[in-house]
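>
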Amino acid sequence: MKSSRLGDLLLSEIPEHPAHTTAPDLLHKLERNGRERLPVLRTIQRSLERLADAHPDLICDESKPHRWYWRAGTRNRALRRMDPSTALAFGMLEKHLASLIPEPFRDELDRMFRKAEDFTESIPDARLDRWKARTALGSALLQLPPANVNPEVLRVVQEALLDRIQLDLVYRSARHGEALELCLHPQGIVLADGVFYLIATDDGARDPAYYAVHRIESAYATTRRSKDIPGFDASRYVDGQRGLQFKTGRTIRLKLRIRWFLPLHLSERPLAQDQVIRPFDEEWSQLNATVIESEQLAWWLSSFGAQCEVLAPARLRKRMQEQAREVSRLYRKCDG
């Protein structure tokens, strides 16, 4: 291992006072990290002595073995806090969440991403490399390409949220198709399944709504102050909505007959805290749960086809019946 690489690693492993470490402790950490070419203890000791000459805030006491530590309040400033765990965190952030970082912070974070990448390449860590290679984010949903977002629109939306100013925009509704001119008060941004959603209120509404950013045709950040919802938190809001469900606002008592893998699947991942599943016969089980009525619920129920029958509420059962008849007519027409 080159002396500069060893020095960088040793600096990152030395804690701040009142904590401390020793040369044998540092050698043990190198062994535990799975390094194939380990320096000898004397090499580490000499490297620490050179580092102390270059870093006045790096302290060595007179105990045996010598205890090494950073002077209180100086470690982060001296290192810019790059060590294996921090490099891993920045790498995972860049891989999975970089698209959520607003433009005003991109330059500085891009520099940190490159610093983390250089650190990882210059000081290989077998455990770090293994973790990066053996972990991934996945989804059980059908994976579609990310929606095409105008980068200028996204930049304006992000800055309006950061600066607490109102947005004037042209939004094309998916349901009605027409272009709407809106004045919105940004409250948050959500990234879900490759799609950005702006959470915002408009001048005539009290409750926030979701707006797909890729459907914003133009956006202009005004000089008018936006009206924040007191204490608003995007994560709590999404959790309270049980995701992006585009709900009607009604709570319903859902009753289903389910079979195949669904009883096990829904016992592992319940629809609601009050969910109950009871065997109906050898083939079927009945599920009762209190849920929010939403378009996503209807789509989700439809995805199970003949493995799931809606028993209640009556209007949802009627909707599923009408949909099943329409699908049946469609396939009969195609076969004919």
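Count the sequence shown with the working numbering and you get residues 1 to 336, in order. A virtual CB, placed ideally from N, CA and C, is assigned to each residue, including glycine. Treat the numbers as computed from the prediction; the structure is a model and nothing was measured.
(1) I need the DSSP call for residue 119, collapsed to helix, strand or coil.
(2) Buried or exposed for residue 300, please, with buried defined as at least 16 other CB atoms from any protein chain shown within 10 angstroms of its CB.
(3) Just to confirm, is the Cβ distance from residue 197 to residue 182 under 8 Å?
(4) Measuring alpha carbon to alpha carbon, tell me which residue in 274, 308 and 271 is nearest residue 259.
(5) Taking 8 Å as the cut-off, decide whether the C-beta atoms of residue 179 and residue 121 are in contact.
(6) Determine the contact status of residue 284 and residue 315, defining contact as a CB-CB distance below 8 Å.
(7) Residue 186 lies in the alpha helix (DSSP H); which residues open and close that run?
(8) According to DSSP, is residue 37 part of a helix, a strand, or is it coil?
(9) Using CA coordinates, which residue listed in 148, 221, 310 and 200 is at the minimum distance from residue 165?
(10) Between residue 187 and residue 228, is the Cβ-Cβ spacing less than 8 Å?
(11) Could you tell me if residue 119 is buried or exposed, where buried requires 16 or more neighbouring beta carbons within 10 angstroms of its beta carbon?
(12) Based on the DSSP output, what are the partners of residue 312 in its beta bridges?
(13) How should residue 325 be labelled, buried or exposed, when 16 other C-beta atoms within 10 angstroms of its C-beta is the threshold for buried?
(14) Can you give me the C-alpha to C-alpha distance between residue 133 and residue 71, rounded to a whole angstrom?
(15) Candidates 192, 319 and 67: which alpha carbon is nearest residue 143's?
(16) Residue 112 to residue 87, Cα distance in whole Å?
(17) Determine the direct distance from the alpha carbon of residue 210 to that of residue 339, and round the result to whole angstroms.
(18) Quick check on the burial criterion: 16 or more other C-beta atoms within 10 angstroms. Buried or exposed for residue 23?
(19) Output the distance between the C-alpha atoms of residue 306 and residue 274, rounded to the nearest integer angstrom.
(20) Is the distance from the Cβ of residue 126 to the Cβ of residue 167 below 8 Å?
(21) For the candidate residues 157, 279, 255 and 184, whose alpha-carbon lies nearest to that of residue 264?
(22) Please state whether DSSP places residue 217 in a helix, a strand or coil.
(23) Looking at residue 225 and residue 313, is the spacing between their C-beta atoms short of 8 Å?
(24) With distances taken between CB atoms, is the gap from residue 6 to residue 39 smaller than 8 Å?
(25) How is the beta strand (DSSP E) around residue 84 delimited, first residue to last?
(26) Can you check which of these residues, 94, 233, 177 and 176, is closest to residue 199 by C-alpha distance?
(27) By Cβ distance below 8 Å, which residues in the same chain neighbour residue 251 in space, the five residues on each side in sequence not counted?
(28) Could you give the residue range of the alpha helix (DSSP H) that holds residue 298?
(29) Should residue 215 be labelled buried (16 or more other beta-carbon atoms within 10 Å of its own) or exposed?
(30) Which residues does DSSP pair with residue 229 in a beta bridge?
(31) Apart from the five residues just before and just after residue 342, which ones in its own chain have a Cβ nearer than 6 Å to its Cβ?
(32) For residue 202, name the three-state secondary structure that DSSP assigns.
(33) Is it true that the CB of residue 159 sits closer than 8 Å to the CB of residue 104?
Result, derived from the coordinates:
(1) Residue 119 sits in a helix when the DSSP states are folded into three classes.
(2) Residue environment for residue 300: exposed (fewer than 16 other C-beta atoms within 10 angstroms of its C-beta).
(3) Going by C-beta atoms, residue 197 is not nearer than 8 Å to residue 182.
(4) Ranking 274, 308 and 271 by Cα distance to residue 259 puts 308 first.
(5) For residue 179 and residue 121, no; Cβs fall outside 8 Å.
(6) When the beta-carbon positions are compared, residue 284 and residue 315 stay at least 8 Å from each other.
(7) Looking at the DSSP string, residue 186 is not in any alpha helix (DSSP H); the run it does join, the beta strand (DSSP E), is 179-192.
(8) Reduced to three states, the DSSP call for residue 37 is coil.
(9) Across the set 148, 221, 310 and 200, the C-alpha of 221 shows the shortest separation from the C-alpha of residue 165.
(10) Yes, the Cβ-Cβ distance between residue 187 and residue 228 is below 8 Å.
(11) Its Cβ being crowded by 16 or more others within 10 Å, residue 119 is buried.
(12) DSSP output for residue 312 lists 255 as bridge partner(s).
(13) With fewer than 16 other Cβ atoms within 10 Å, it is exposed.
(14) In a straight line, the C-alpha of residue 133 is about 36 Å away from that of residue 71.
(15) With distances taken between CA atoms, residue 143 lies nearest to 192 out of 192, 319 and 67.
(16) Rounded to whole angstroms, residue 112 to residue 87 spans 9 Å at the Cα level.
(17) Lying before the first or after the last residue shown, residue 339 is absent from the chain, which here runs from 1 to 336.
(18) Counting the other Cβ atoms within 10 Å of the Cβ of residue 23 gives 16 or more, which makes it buried.
(19) Each residue's Cα considered, the two are about 25 Å apart.
(20) Remark: C-beta atoms of residue 126 and residue 167 do not approach each other more closely than 8 Å.
(21) Minimum Cα distance to residue 264 is reached at 279.
(22) Correct three-state label for residue 217: strand.
(23) Cβ atoms of residue 313 and residue 225: not closer than 8 Å.
(24) Going by beta carbons, residue 6 and residue 39 fall inside the 8 Å limit.
(25) Premise fails: residue 84 lies in the alpha helix (DSSP H), 84-97, not in any beta strand (DSSP E).
(26) Selected option, being the one with the closest Cα: 233.
(27) Counting only Cβ-Cβ distances below 8 Å, and skipping sequence neighbours, we find 290, 291, 292 and 293.
(28) 295-302 is the extent of the alpha helix (DSSP H) around residue 298.
(29) It counts as buried.
(30) Partner(s): none; residue 229 has no beta bridge.
(31) Past the boundaries of the shown model lies residue 342; the chain is included only from 1 to 336, so the question cannot be answered.
(32) If DSSP states are grouped into helix, strand and coil, residue 202 belongs with the strands.
(33) Taking 8 Å as the Cβ cut-off, residue 104 and residue 159 qualify as a contacting pair.
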